[in-house]
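**Student:** Mind having a look at this structure? Questions to follow.
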Amino acid sequence: MTDKGSNRTITMKDDESGKTASFPIMNGTAGVPVMDIRSLYKEMGVFTYDPGYTATGSCKSEVTFIDGDEGILLYRGYPIEQLAEKSDYMEVCYLLMFGELPTKAQYDKFVYDISHHNMVHDQINNFFRGFRRDAHPMAVMCGVVGGLAAFYHDSLDINDPRHRMVAQYRLVAKMPTIAAMAYKYTIGQPFVYPRNHMGYAENFLHMCFSTPCEEYKVDPVISKALDTIFTLHADHEQNASASTVRLAGSTGANPYACISAGIAALWGPSHGGANEQVLNMLEEIGTKDKVASMVQKAKDPDDPFRLFGFGHRVYKNFDPRATVISKAAHDVLNTLGIHDPLLEVAVELERIALEDEYFIKRRLYPNVDFYSGFILKAMGFPVSMFTALFAIGRTVGWVSQWNELIGDPEQKINRPRQLYTGSAARDYVNIGQR
Ligand code: CMC
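The end of the sequence shown is residue 435 by the numbering used here, with every number in the run present.
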């Protein structure tokens, strides 16, 4: 992205000292302009206060663009709706990693290379045995993906673009294998090795649902739906997990460890963990007649409960991913002839919430997590695997953001400031005199 170089500035005046300073406004290729405050402390002797970074741009990025008011999501300029309909996840990965859509030859080579990096070092199998069988798959993934750093550390120079690319390929390729192993471990079945001739989503389904006793025949409707889910989750600009990856990466840390930090951030119920919580919430509601009381609970200011799958920091109109996924959920369930009574509860919840003044005023709409769980459940995944599937799709976004960060000469170690509200300096008192 190039700064269009406007001459606009914002001038600030300190009421107390009378000092003034001007700060340049930077324009990207799209979106809200940003004020460059890097010299703020030097000029005015103050920092900014912005918990949750609601108004802070942390970097320049060419990867993904969101217009939250218009409900627009672009990967490298291409609208998510077009990619979900016409492209596939491997092509989207290439697009995010390299910035352009591949030619047929580039696509074929990319698919070949990714599929030939999907096996994990045999030693990794041993990691799993250290976990309890009832461990949450996301806990296992944090540990095992971080553990990859132990296999690829000394040989990796993050300042070498080629080394960085190899790390990106490995992470995108191995994430489904690790997630499938986490699943197999928790259900006490042997690990299933990846198959190179299968598509990315198809291979993941095969690793999850095949056993040595019985081959799992992957239904193309299901593998296509999963491929679309991966595409919809592939990147989302500077969200909490991508920012975590960038923050860890800004110190020069090993990329496998940085992605493990991203997985940890994704796991929280306010972020990727919401897809698991949506289904738990709908199960708790149970029937359509109980929806209204749950909506009431979500509106109660004294109750911390929130409707999972609703609301977004950036989207204040609709989440374009939710539109695609809601249609896909209905289509998949219809095609497979599955009647999920919870889908009726979800539709009713969406209807009531969208007509409610509380949600209208706060511009709270269903997000990507609201309907994705229905498809994953229909595929046979337990609720505890939902966020792990999100992590598979998002890995390409994390590695693309990480690669951009390391290659950006303007990037520095990420190190926010604070407003200190603790005790003023005081003298130590010996224990007997307190
Ligand atoms: N249910 C009820 N009230 C809500 C909800 C909700 N899901 N989301 C926000 N609000 C209210 C919130 O209480 C606040 O009300 P008030 O102004 O009276 O205090 C107002 O709306 C603004 O909320 P906020 O907390 O300032 O918004 P935020 O930008 O900090 O939080 C969010 C965004 C996604 C964390 C939040 O909407 C939420 O917790 N949603 C439920 C969890 C969820 O579905 N997360 C998945 C996000 S999409 C997938 C992803 O990218 O990870």
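For every residue, glycine included, the Cβ atom is placed at its ideal position computed from N, Cα and C.
Remember, it's a predicted structure, so these values are computed and weren't measured experimentally.
1) Keeping to the same chain, check which residues put their C-beta closer than 6 Å to that of threonine 57; ignore five residues upstream and five downstream.
2) Tell me whether alanine 310 counts as near the ligand CMC, meaning its Cβ is closer than 8 Å to at least one heavy atom of that ligand.
3) From histidine 137 to serine 271, what distance separates their C-alpha atoms?
4) Let me know the secondary structure DSSP gives aspartate 70 once reduced to three states.
5) Only counting the same chain, and skipping five residues up and downstream in sequence, which positions put a Cβ closer than 6 Å to that of alanine 262?
6) Does the ligand NAD have even one heavy atom less than 8 Å from the beta-carbon of asparagine 240?
7) Going by DSSP in three states, valine 173 sits in which element: helix, strand or coil?
8) Should glutamine 402 be listed as close to the ligand CMC, given that the test is whether its C-beta is under 8 Å from any heavy atom?
9) From the DSSP output, in three-state form, read off isoleucine 26 for me.
10) To the nearest angstrom, report how far apart serine 7 and asparagine 28 are at their CA atoms.
11) Compute every distance between the C-beta of aspartate 68 and the non-hydrogen atoms of the ligand CMC, then say whether any falls below 8 Å.
12) Give a single yes or no on whether leucine 365 has its beta carbon closer than 8 Å to a heavy atom of the ligand CMC.
13) Does the beta-carbon of alanine 275, which I'm using as the reference point, lie nearer than 8 Å to any heavy atom of the ligand CMC?
14) Classify lysine 225 as helix, strand or coil using the three-state DSSP reduction.
15) Under 8 Å from any heavy atom of the ligand CMC, does the C-beta of threonine 65 make it?
16) Give the single residue among Ala180, Ile159 and Arg165 whose Cα lies nearest to the Cα of asparagine 119.
17) With a Cβ-Cβ cutoff of 9 Å, do asparagine 204 and serine 59 count as a contact?
18) Nearest to glutamate 44 by alpha carbon, out of Val64, Thr65 and Met13?
19) DSSP on tyrosine 42, reduced to helix/strand/coil?
20) Going by beta carbon distance, what residues of the same chain come within less than 8 Å of phenylalanine 306, once the five residues before and after it are set aside?
21) So what's alanine 414 in DSSP terms, helix, strand or just coil?
22) Is it buried or exposed for asparagine 160, if we count other Cβ within 10 angstroms and need 16 for buried?
23) How is the alpha helix (DSSP H) around threonine 245 delimited, first residue to last?
24) Quickly, what does DSSP pair threonine 65 with across the bridge? List them, please.
25) In the DSSP output, what is phenylalanine 319 paired with across the bridge?
26) I'd like the list of long-range same chain contacts for phenylalanine 319, defined as Cβ closer than 6 Å, with 5 residues on each side in sequence excluded.
27) Give the C-beta separation of alanine 183 and alanine 389 to the nearest angstrom, bearing in mind that I take them to be a contact with Cβ-Cβ under 8 Å.
28) How about histidine 313: is its Cβ closer than 8 Å to a heavy atom in the ligand CMC?
29) Give me the Cα-Cα distance between aspartate 123 and tyrosine 194, rounded to the nearest whole angstrom.
30) When you compare only the Cα positions, how much space is there between serine 18 and leucine 41?
**Tutor:** Quick look at the numbers:
1) Asp51
2) The residue you asked about is not alanine; residue 310 is glycine in the sequence shown. Under cutoff, so the answer is yes.
3) 17 Å
4) coil
5) Thr245 and Ala249
6) Absence of the ligand NAD is noted for the structure shown, with the ligand CMC being the only ligands found.
7) In the structure shown, the three-state DSSP call for valine 173 is helix.
8) no
9) strand
10) 7 Å
11) no
12) yes
13) Yes, the Cβ of alanine 275 comes within 8 Å of a heavy atom of the ligand CMC.
14) helix
15) For threonine 65, the distance from the CB to the nearest heavy atom of the ligand CMC is not below 8 Å.
16) Ala180
17) no
18) It is Met13.
19) helix
20) Lys298 and Ala299
21) The sequence given here places isoleucine at residue 414; alanine does not occur at that position. Reduced to three states, the DSSP call for isoleucine 414 is coil.
22) With fewer than 16 Cβ atoms within 10 Å of its Cβ, asparagine 160 is classed as exposed.
23) 241-250
24) Tyr76
25) Bridge partners of phenylalanine 319: none, in fact.
26) Gly72 and Tyr366
27) 6 Å
28) Between the ligand CMC and histidine 313, a heavy atom-to-CB distance of less than 8 Å is present.
29) One C-alpha to the other measures close to 11 Å.
30) Rounded to whole angstroms, serine 18 and leucine 41 show a C-alpha spacing of 15 Å.
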